[in-house]
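Since the structure comes first, as structure tokens, the remarks are kept for the end.
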Amino acid sequence: MSREEINQKLAILPELPGCYIMRNKDNDIIYIGKAKNLRSRVKSYFHSKHEGKTALLVADIDHFEIIVTKTDKESLLLEINLIKQYQPKYNIKLKQGTMYPYLKVTNEKDPQLIITSVVENDGGVYFGPYPNVYAASETQQFIQKVYPLRKCNKGQKRACLYYHMGQCIGCCDHDVSKEEYDEQIKRISRFLNGDVKEIKQNLVTKMQAAAGDMNFEQAAEYRDQIRYIEATVEKQTIMSRDYTNRDVFAFHMDKGWISIQVFLLRQSTVIKREAALFPSYGNPEEELLSFIMQFYQEQNHILPKEILVPEGVDVTLLAEALDIKVHVPKRGSKKSILDLAITNSELALTEKFMLIERSKNKTVGAIQELSEALGLNYLETIESFDHSNIQGTNPVSAMVVYKDGQPDRKSYRKYKVKTVEGANEFATTQEVIRRRYSRLLRERKPLPDLILMDGGKVQIRAAKEVLEDELGIHIPIAGMVKNKKHKTASLMYGDDNDVIDLDPRSQAFHLVQRIQDEVHRFAITFHRQIRGKNSFSSLLDDIDGVGPKTRTKVLRHFKTMTNIRQASLDDIKKLGISEKVAISIKDAFQNEENPSSSDT
144 MSREEINQKL AILPELPGCY IMRNKDNDII YIGKAKNLRS RVKSYFHSKH
194 EGKTALLVAD IDHFEIIVTK TDKESLLLEI NLIKQYQPKY NIKLKQGTMY
244 PYLKVTNEKD PQLIITSVVE NDGGVYFGPY PNVYAASETQ QFIQKVYPLR
294 KCNKGQKRAC LYYHMGQCIG CCDHDVSKEE YDEQIKRISR FLNGDVKEIK
344 QNLVTKMQAA AGDMNFEQAA EYRDQIRYIE ATVEKQTIMS RDYTNRDVFA
394 FHMDKGWISI QVFLLRQSTV IKREAALFPS YGNPEEELLS FIMQFYQEQN
444 HILPKEILVP EGVDVTLLAE ALDIKVHVPK RGSKKSILDL AITNSELALT
494 EKFMLIERSK NKTVGAIQEL SEALGLNYLE TIESFDHSNI QGTNPVSAMV
544 VYKDGQPDRK SYRKYKVKTV EGANEFATTQ EVIRRRYSRL LRERKPLPDL
594 ILMDGGKVQI RAAKEVLEDE LGIHIPIAGM VKNKKHKTAS LMYGDDNDVI
644 DLDPRSQAFH LVQRIQDEVH RFAITFHRQI RGKNSFSSLL DDIDGVGPKT
694 RTKVLRHFKT MTNIRQASLD DIKKLGISEK VAISIKDAFQ NEENPSSSDT
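Each number in the numbering used here corresponds to the 1-based position in the sequence shown with 143 added.
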């Protein structure tokens, strides 16, 4: 992905929490991170200076994708599971050996609330993970104050200090029934899953009462507990409340396009996200149904225990066809996960439309601006020329073509200058213009709407003389006027070669700069190729025993000087060349690479 494409994508990132996935040129996932604000965080990778390991990571990034979540905690959970799933190389270096802490209600007669880094299938109830031990410990201490379980050791014969402080349920003082424990665990579960209205109201009442009794220290403690709830307790919909393997399918359709998101939940967590965007020609629910059927026909997609889909999908038909449970959730954590998938579907489609619009502004919009600046009709086709030589040697010219503001690479042309010796800008321009447009006339092909010359008055005059005086045609010609940085800042156009300034903020300005950069790149690349071939050919001409036939064989087979330097003696002899001549060729090219090593 080009830097320009990355900047376009960065500009439309949502300011929402979520995870970002960095990929390299081979499309491998190299880093996964989370952010409270995706736009701000992801932009920092491309718009800030970095050192050390981060600089290495940034240099390796080719493109990225995002998954939006509802809260920062959800993005943490998703980040952890994606890292476990893909093990990106930069994450492994940063987090190797790291385990995230969980809160656990133990499965025993008198259960405790403990912190653990290992999740086991032992009947315990787990909450988390938390970003660090401090966060888990802070939550544990809060719960022990408002919903205490056993905090003391077993076997005590009298009530512990924690019981007197209200932080132990009291099994050290009396028998606590299973029903009482179950009810307390339900309260803890509701609280950690975001149902905080009851406890918050209770704390507000206690705070007001303490303040009314002038017990400001106690009131301040209740106030801090209320702030803790408001700041840290959020519903974590990215994890479901059971361990059923399920896949979640959602869609969003607009303007003839459908966006589909698939969340794969395993062991209660999202381990993978898949996405698809394609034109839709029918009912979106039927499109989704067809997509799901095709999805499970692929070898690496295994049917889960349950599929979640939005309303409108034929659940009965899908369940019968796949022989599994298909459900449309109405409430609870399943509905939250489905809603999250729907949100990501909508964002993916919105991003596509915004990129299309930006691309249109960059191309069609830029052409319209340029046409207006020059007072011309819509410039559908623009052809641009640039010349290249070194002190007059190996002169070449190149032409690039832009249609509707986009490069049409199949129409590019290269020209070896045949009739001009040395650096003669006027004559070179005339030769190339003559060859290009006399051929278009002979073949009765359409002419461009504008010719852009990389030079100024000299090239414009040379081109006009050929087109108007020799060929009898009129094509608008403009010259690129460079600034001190050799970048096009204005255009020279009209009978009097008027200078037309382009607004640096305009799309037309950036289009002309892209054309200048592209034609210059194309010409320079071609000149290097010609210079290399000429050097190659010239070197062969100076070797005893190499005649025209041998020279042609070597040129056609090896093509470049680098290839022949790397070739073995046997590789050269395979062309039917004698060992003596092959040795001469090998020695000549090795000496060319290291001239100081020649015999004295």
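A virtual CB, placed ideally from N, CA and C, is assigned to each residue, including glycine. Nothing here was measured: the structure is a model prediction, and the numbers come from that model.
Apart from the five residues on each side of it in sequence, which residues of its chain come closer than 7 Å, Cβ to Cβ, to residue i?
i: N626; result: A632
i: Y636; result: L517, A621 and I643
i: V507; result: D547 and G548
i: K716; result: E722 and A725
i: P157; result: L181, R182, V211 and L490
i: S383; result: In this prediction, S383 has a pLDDT of 47, which is less than 50 and means its spatial position is unreliable; what the coordinates show is noted afterwards. For S383, where only same-chain residues beyond five positions count, the Cβ hits under 7 Å are L408, S411, S476, K477 and I480.
i: S649; result: E512
i: T486; result: V211
Got a sec? Which residues, its chain only, sit under 6 Å from residue i by beta carbon, not counting five neighbours each side?
i: A605; result: F569, T572 and Q573
i: R184; result: A178
i: T241; result: Below a pLDDT of 50, predicted positions are generally treated as unreliable, and T241, at 42, falls in that range; the measurement from the model is reported next regardless. Hits under 6 Å: none found.
i: L593; result: L522, I525 and P619
i: Q659; result: M623 and T631
i: Y229; result: I172
i: M350; result: A362, Y365 and R366
i: M165; result: I173, Y174, I204 and F207
i: N150; result: none
i: P244; result: I258, S260, Y273, V276 and A279
i: F438; result: H444
Starting from residue i, follow the alpha helix (DSSP H) in both directions and report where the run begins and ends.
i: I576; result: E568 to R585
i: Y188; result: L181 to H190
i: V347; result: K340 to G355
i: L256; result: No alpha helix (DSSP H) contains L256, which is instead part of the beta strand (DSSP E) from L256 to T259.
i: H700; result: P691 to F701
i: I603; result: K600 to K607
i: I510; result: A509 to L517
Output the boundary residues of the beta strand (DSSP E) element that contains residue i.
i: S711; result: It is not in any beta strand (DSSP E) - S711 carries neither H nor E in the DSSP assignment.
i: Y558; result: R556 to K559
i: H395; result: R389 to D397
i: K177; result: I172 to A178
i: R146; result: Counting along the chain, R146 falls outside any beta strand (DSSP E), though it belongs to the alpha helix (DSSP H) covering R146 to A154.
i: E208; result: H206 to V211
With distance defined between alpha-carbon atoms, name the residue in the options nearest to residue i.
i: D713; options: E722, V347 and N706; result: E722
i: F285; options: L246, T668, L225 and I728; result: L246
i: R146; options: P589, V201 and P160; result: V201
i: I667; options: F359, H530 and V624; result: H530
i: R301; options: V655, V268 and D316; result: D316
i: I445; options: E341, D687 and D390; result: D390
i: Q511; options: L460, V452 and H653; result: H653
i: V276; options: A393, P160, M350 and T259; result: T259
i: H670; options: Y558, D356, L590 and N520; result: Y558
i: Y174; options: K227, H190 and Q151; result: K227
i: S402; options: V413, N388, L408 and P427; result: P427
i: D169; options: M144, Y188, K152 and Y163; result: M144
i: V268; options: Y305, R333 and Y306; result: R333
i: E564; options: V544, N537, Y545 and A418; result: N537
i: Q709; options: D730, M357 and N296; result: D730
i: Q744; options: M396, V413, H395 and A418; result: With the chain represented from 144 up to 743, any question about residue 744 goes unanswered, as that position is not in the structure.
i: V248; options: A566, V544 and Q287; result: Q287
i: A651; options: K505, Y555 and I728; result: K505
i: V543; options: K448, E661, P691 and R587; result: E661
i: K152; options: I616, S540 and T493; result: T493
i: V539; options: G266, I369, D687 and F665; result: F665
i: K329; options: R582, F270, K415 and R579; result: F270
i: N388; options: D397, F394, L451 and A352; result: L451
i: Q371; options: M357, L346, F394 and R585; result: According to the sequence as given, residue 371 is Tyr; it is not Gln. The option with the nearest alpha carbon to Y371 is L346.
i: L610; options: L590, K628 and G599; result: L590
i: V689; options: S711, L718 and A393; result: L718
i: L614; options: T695, R578, P647 and Q656; result: R578
i: D453; options: K473, P447 and Q440; result: Here residue 453 is Pro; the residue named in the question, Asp, does not match the sequence. With distances taken between Cα atoms, P453 lies closest to K473.
For residue i, which residues from the same chain have a beta carbon less than 8 Å from its beta carbon, with the 5 sequence-adjacent residues on both sides left out?
i: Q602; result: F528, E568, F569, T572, M596 and G622
i: P160; result: K177, A178, K179, N180, L181, V211, T212, K213, T214, D215, E217 and S218
i: E360; result: none
i: R495; result: Residue identity differs from the one stated: residue 495 is Lys in this sequence, not Arg. Hits under 8 Å: W400, S402 and L420.
i: Y813; result: Within the shown structure, residues of the chain are numbered from 144 to 743, placing residue 813 beyond reach of any answer.
Item to check | Meets three-Cβ-pair contact criterion under 8 Å: the region 301-320 and the region 279-292 | outcome: Pairwise C-beta distances place the region 301-320 in contact with the region 279-292, as three or more of them are shorter than 8 Å.
Item to check | Meets three-Cβ-pair contact criterion under 8 Å: the region 522-530 and the region 427-446 | outcome: No contact exists between the region 522-530 and the region 427-446.
Checklist entry - Quick one: complete alpha helix (DSSP H) runs, 4+ long, within the region 430-482? => result Within the region 430-482, the complete alpha helix (DSSP H) runs of at least 4 residues are 458-465.
Next on the checklist: Would the region 466-476 count as touching the region 493-500 if we require 3 or more Cβ pairs under 8 Å?
Outcome noted: Segments in contact, no.
Next on the checklist: Restricting to runs no shorter than 4 residues, where is the alpha helix (DSSP H) found entirely within the region 265-323?
Outcome noted: Fully enclosed alpha helix (DSSP H) runs of 4 or longer: 276-289 and 304-307.
Next on the checklist: Which runs of the beta strand (DSSP E) at least 3 residues long sit entirely within the region 588-661? Give them in chain order.
Outcome noted: Qualifying beta strand (DSSP E) stretches, in chain order: 593-596, 620-625, 631-636 and 641-644.
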